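Student: First, the structure itself, so that you have it in front of you.
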Amino acid sequence: MDDIDGPRGPRGKRDLPSPYHQDLSGVLRNLNRRTRWGRDRLANDRVTAAFLAAGMRLLVRHLGPGAQQRVNSERLLLGSLSQRRVAEEFAGNPRPFTRHGNGVSMLRDRWKLHSDFVTDLIGFAVWRENYRPEYRERRAANIKRLVHGQDFVRAVHDIAYQHTAEGVELPSVRLGLALMTAAEGDEEVTRIISTVYEDYLGSWKKLYTVVMRERRLRLRKGLTLDDLANALSAAADGMTLRAIGDPGAGVVDHDNRRSVMGTVALAVIHSFLEPDDDASGLTLEQAVAARFDGQPC
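So in the working numbering, spot 163 of the sequence shown is number 188, and the numbers just go up one at a time.
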């Protein structure tokens with residue numbers, strides 16, 4: 026089965042679009058091979074990439090953006106990823122993806138259990154490389170604005186709008202949000218989501234550290250960098266979920282390129298951080314008590 030479609034490994038699939046052309050050996054953990062070499066080789070097989078592409082199209086069709094799936098459908102959440110549907114979608118793959126052969130048997134050859142395929146597809150779908158190619162370049166520009174820009178408030182609003190508006194449109198974000206509640210008790214999916222957040226928050230914490238250093242800011246007493254990252258991340262998740270579920274709520278204002286997330290981000294920054302040369306030394310609770318009760322608690 027492995028030799029059905031020519032050379033293997035990243036070198037044999039350079040013509041595939043991003044991120045399918047990349048090394049997937051660290052992403053696909055449930056392939057049906059006994060040895061590490063066999064699993065790595067199969068992870069970079071063109072047919073394996075073709076099944077992932079088929080699964081991703083089903084996810085987009087099912088979860089959106091633009092999905093027309095009824096909530097009370099029997100295919101709620103991941104039910105659309107049946108073996109038969111994946112095989113049918115595989116047969117309709119666009120070029121340059123493979124689409125010939127017995128889809129069901131080739132799928133079973135690669136993943137002994139269909140649940141293994143679904144788990145690997147989830148891991149691939151939320152993999153950081155599935156974000157838009159320009160993400161890294163834009164992130165570098167955003168860092169420059171936040172660190173050296175003259176209008177910090179505008180930069181925060183612009184970045185918050187971009188982040189929320191793009192999150193609404195990204196299947197990987199939609200899937201991640203859906204899985205956070207639906208996958209409770211599934212240790213493998215929980216591990217995937219946890220790994221994604223560790224990587225995601227790690228990159229943001231690096232950004233916050235640079236901004237704090239260059240802007241000469243410090244965290245309030247009692248707060249940590251993890252607190253700041255978790256607060257902003259949780260707010261962003263909530264804003265994205267609200268924008269998806271209730272588009273008319275005004276969480277994202279496309280006409281003015283603003284979002285409520287920008288306002289919340291500024292509030293968190295203002296509450297969590299203080300100037301190095303004018304720090305009060307108060308915890309957040311003490312600062313709030315001083316404002317509302319007239320003295321620190």
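Using N, Cα and C, we set each Cβ at its ideal position, and we do this for glycine too.
What you are looking at is a predicted structure, and each value in this text was computed from that prediction instead of being measured.
1) Determine whether the beta carbon atoms of ALA268 and VAL198 lie at a separation below 7 Å.
2) Give the straight-line distance between the Cα atoms of ASP302 and ARG241, rounded to the nearest whole angstrom.
3) Have a look at ASN97 and ALA116 and give me their C-alpha separation to the nearest angstrom.
4) In the DSSP output, which residue or residues are listed as bridge partners for LEU242?
5) I'd like to know if the stretch 277-293 and the stretch 180-190 are in contact, where contact means that at least 3 CB-CB pairs between them fall below 8 Å.
6) For THR60, which three-state DSSP category applies?
7) Does the stretch 46-61 come close enough to the stretch 131-141 that 3 or more CB-CB pairs lie under 8 Å?
8) Buried or exposed, going by whether 16 or more other CB atoms sit within 10 Å of the CB of GLU310?
9) Please classify GLY201 as buried or exposed, where buried requires at least 16 other C-beta atoms within 10 Å of its C-beta.
10) Considering only their Cβ atoms, is the gap separating ALA112 from VAL85 smaller than 7 Å?
11) Should LEU83 and LEU49 be called a contact, given that it needs their Cβ atoms to be closer than 7 Å?
12) Determine the extent of the alpha helix (DSSP H) in which SER107 is found, giving its start and end residues.
13) Can you give the Cα-Cα distance for THR60 and ASN155, rounded to whole angstroms?
14) Which parts of the stretch 166-250 are runs of the alpha helix (DSSP H), unbroken and 4 residues or longer, counting only runs that do not cross its ends?
15) Suppose the cutoff is 7 Å on Cβ atoms and the five residues either side in sequence are ignored; what does the same chain contact list for ALA75 look like?
16) Out of curiosity, what's the CA-to-CA distance linking ALA304 and ARG120?
Tutor: Taking the coordinates as given:
1) By one-based count along the sequence shown, residue 268 stands at place 243. By one-based count along the sequence shown, residue 198 stands at place 173. Taking 7 Å as the Cβ cut-off, ALA268 and VAL198 do not qualify as a contacting pair.
2) Along the sequence shown, read from residue 1 onward, the residue named residue 302 stands at position 277. Along the sequence shown, read from residue 1 onward, the residue named residue 241 stands at position 216. Roughly 8 Å separates the two Cα atoms.
3) Sequence index remark: in the sequence shown, residue 97 carries index 72 (1-based). Sequence index remark: in the sequence shown, residue 116 carries index 91 (1-based). Residue placement at ASN97 is flagged as unreliable, the pLDDT there being 48, under the threshold of 50; the coordinate-derived value follows with that caveat. The C-alpha of ALA116 is placed about 28 Å away from the C-alpha of ASN97.
4) Here residue 242 corresponds to residue number 217 of the sequence shown, with the count starting at 1. Residue pairing by DSSP places LEU242 opposite PRO300 in a beta bridge.
5) Touching, yes.
6) As a working mapping, residue 60 is identified with position 35 in the sequence shown. The answer is coil: DSSP assigns THR60 none of H, G, I, E or B.
7) Taking 8 Å as the limit for Cβ pairs, the verdict is that the stretch 46-61 does touch the stretch 131-141.
8) Mapped onto the sequence shown, residue 310 falls at position 285. It counts as exposed.
9) As a working mapping, residue 201 is identified with position 176 in the sequence shown. With 16 or more Cβ atoms within 10 Å of its Cβ, GLY201 is classed as buried.
10) Locating residue 85 in the sequence shown gives position 60, where the first residue counts as 1. Locating residue 112 in the sequence shown gives position 87, where the first residue counts as 1. No, these two residues do not count as a Cβ contact at 7 Å.
11) The residue given as residue 83 occupies position 58 in the sequence shown. The residue given as residue 49 occupies position 24 in the sequence shown. No, they are not a contact pair.
12) For the purposes of this step, residue 107 is identified with residue 82 of the sequence shown, where counting begins at 1. For SER107, no alpha helix (DSSP H) encloses it, and the DSSP letter there is neither H nor E.
13) Translated into the one-based positions of the sequence shown, residue 60 becomes position 35. Translated into the one-based positions of the sequence shown, residue 155 becomes position 130. Going by the C-alpha atoms only, they are around 27 Å apart.
14) Fully enclosed alpha helix (DSSP H) runs of 4 or longer: 177-194, 196-207 and 212-240.
15) For the purposes of this step, residue 75 is taken as the residue at position 50 of the sequence shown. For ALA75, where only same-chain residues beyond five positions count, the Cβ hits under 7 Å are PHE115, ASN118, PHE122, THR123 and ARG124.
16) The residue you call residue 304 lines up with position 279 of the sequence shown. The residue you call residue 120 lines up with position 95 of the sequence shown. Rounded to whole angstroms, ALA304 to ARG120 spans 59 Å at the Cα level.
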